[in-house]
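So the sequence lines, in the order shown, correspond to chains Z and B.
Taking the working numbering, the leading residue of the first sequence gets 628, the next gets one more, and so forth.
Taking the working numbering, the leading residue of the second sequence gets 628, the next gets one more, and so forth.
Positions of the beta carbon are idealized from the N, C-alpha and C atoms, including for glycine.
Protein chains: 2
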Amino acid sequence: MAGSITDILKNPESIKVSGSLWIESNGQPFFGPGPVELLERIEATGSISMAAKEMKMSYKKAWELVNNLNAQMANPVVIPQAGGEKGGGSTITPEAVKLIQYHRQMRERFASFLEAETARLKK
Amino acid sequence: MAGSITDILKNPESIKVSGSLWIESNGQPFFGPGPVELLERIEATGSISMAAKEMKMSYKKAWELVNNLNAQMANPVVIPQAGGEKGGGSTITPEAVKLIQYHRQMRERFASFLEAETARLKK
DNA sequence: AATCGTTATATCTTTGAAAATATAACGATA
DNA sequence: TATCGTTATATTTTCAAAGATATAACGATT
């Protein structure tokens with residue numbers, strides 16, 4: 628529409644509003660898109676190392692994410708076991724499932740917000 | 628409230644939803660909080676180098692931001708003059724003012740969204 | 001033409017984060 | 001007790017982004 632922001636851009640059709648969303652605790656981010664996917668893959672594979680490999684993330688980083696998550700929660704979201712049959716593994720707790728679900732819903736609302744902002748930009 | 632996400636966190640009172648917002652063109656971010664502040668300071672000081680210094684940003688980076696902005700717009704947002712009285716300087720165009728205003732309003736709406744999400748988290 | 005502080009650009013250096021590598025500890029199973 | 005693949009942790013290496021530095025070009029004013 629006349630008078631919109633897109634009018635003053637060189638490539639009006641390729642424009643959109645984008646963003647990122649996360650949950651902070653103690654002033655620092657602890658639960659964004661990365662940890663969500665990691666938890667989901669730990670649930671699927673039963674292993675931190677396999678989940679990390681699937682995401683092409685170093686085991687170290689994955690382990691740090693898990694550790695940080697557990698530290699912020701009243702009860703752990705991942706139960707790791709070093710040693711045992713097949714060398715060990717990790718399982719996620721009901722709290723983790725709850726977190727994942729919540730984040731997914733939140734992201735849907737955020738996606739709507741972004742779409743609305745992108746639409747607004749053009750009119 | 629019982630059953631909320633905050634119940635399963637170690638520090639429920641310090642939790643909040645946070646995020647970042649920007650405008651993309653051609654798939655890459657070109658207008659976020661940094662450029663906004665830079666444009667505002669160029670307007671105030673009449674100089675890219677002074678604006679950069681105020682933000683403790685290298686002149687190089689500031690110049691790159693300005694260049695990138697100008698490249699994405701149908702008409703430049705910053706008019707630079709090398710040489711002249713006092714060595715030169717830069718002014719911003721009405722298009723720049725429009726962009727700044729729009730981004731400010733957008734950020735206010737985003738702040739409301741984040742507050743609503745933070746509130747939702749706790750109930 | 002000499003001066004000024006700025007814009008414009010190239011090049012070198014730093015440095016901090018990510019990745020890669022290595023190694024130890026673990027515990028059920030056979 | 002030997003094996004397995006995992007968790008747990010430290011150390012080293014790599015690499016790209018940021019920063020620092022240097023230099024040229026610019027043009028109104030004097």
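First through last residue of the beta strand (DSSP E) which encompasses residue i
i	result
ALA679 of chain B	Counting along the chain, ALA679 of chain B falls outside any beta strand (DSSP E), though it belongs to the alpha helix (DSSP H) covering 675-681.
VAL705 of chain B	705-709
LYS643 of chain B	642-652
PRO618 of chain B	In the structure displayed, chain B extends from 628 to 750; residue 618 of chain B sits before or after that span and is not available.
Bounding residues of the alpha helix (DSSP H) (the contiguous stretch that carries residue i)
i	result
THR718 of chain B	THR718 of chain B -> not in any alpha helix (DSSP H); beta strand (DSSP E) instead, spanning 715-719.
LYS749 of chain Z	No alpha helix (DSSP H) holds LYS749 of chain Z; DSSP gives it neither H nor E.
ALA701 of chain Z	No alpha helix (DSSP H) contains ALA701 of chain Z, which DSSP labels as neither H nor E.
ILE669 of chain B	660-672
Residue i and residue j closer than 8 Å at C-beta
i	j	result
THR718 of chain B	ILE706 of chain B	yes
SER631 of chain Z	LYS750 of chain Z	yes
PRO703 of chain Z	ASN695 of chain Z	no
ILE635 of chain Z	GLU667 of chain B	no
Nearest-angstrom beta carbon gap, residue j and residue i [assumed within contact, 8 Å]
i	j	result
ALA678 of chain Z	ALA689 of chain Z	6 Å
LYS643 of chain B	THR745 of chain B	5 Å
GLY716 of chain B	GLY673 of chain B	5 Å
LEU741 of chain Z	SER641 of chain Z	Rounded, the Cβ-Cβ distance is 15 Å, inconsistent with contact.
TYR686 of chain B	ILE675 of chain B	7 Å
PHE596 of chain Z	GLN699 of chain Z	There is simply no residue 596 of chain Z to check, as chain Z begins at 628 and stops at 750 in what is shown.
task: Determine contact between the segment 654-665 of chain Z and the segment 650-659 of chain B, defined as no fewer than three beta-carbon pairs at a distance below 8 Å.
output: By the Cβ rule, the segment 654-665 of chain Z does not count as touching the segment 650-659 of chain B, because fewer than three pairs are nearer than 8 Å.
message: Tell me which residues of the segment 653-686 of chain B have at least one Cβ-Cβ distance to chain Z shorter than 8 Å, keeping chain order.
response: ASN653, GLY654 and PRO656
field: Members of the segment 709-739 of chain Z near chain B, C-beta cut-off 8 Å
entry: GLU722, LYS725, LEU726, TYR729, MET733, ARG736 and PHE737
field: Under 8 Å (Cβ pairs) to chain B, residues found in the segment 695-707 of chain Z
entry: ALA698, GLN699, MET700, ALA701 and ASN702
task: Scan the segment 642-653 of chain Z for residues whose Cβ lies nearer than 8 Å to a Cβ of chain B and list them as they occur along the chain.
output: Within the segment 642-653 of chain Z, the qualifying residues are ILE642, LYS643, VAL644, SER645, GLY646, SER647, LEU648, TRP649, ILE650, GLU651, SER652 and ASN653.
field: Members of the segment 628-642 of chain B that neighbour chain Z once the beta carbon cut-off is set at 7 Å
entry: ILE632, ILE635, LEU636, LYS637, ASN638, SER641 and ILE642
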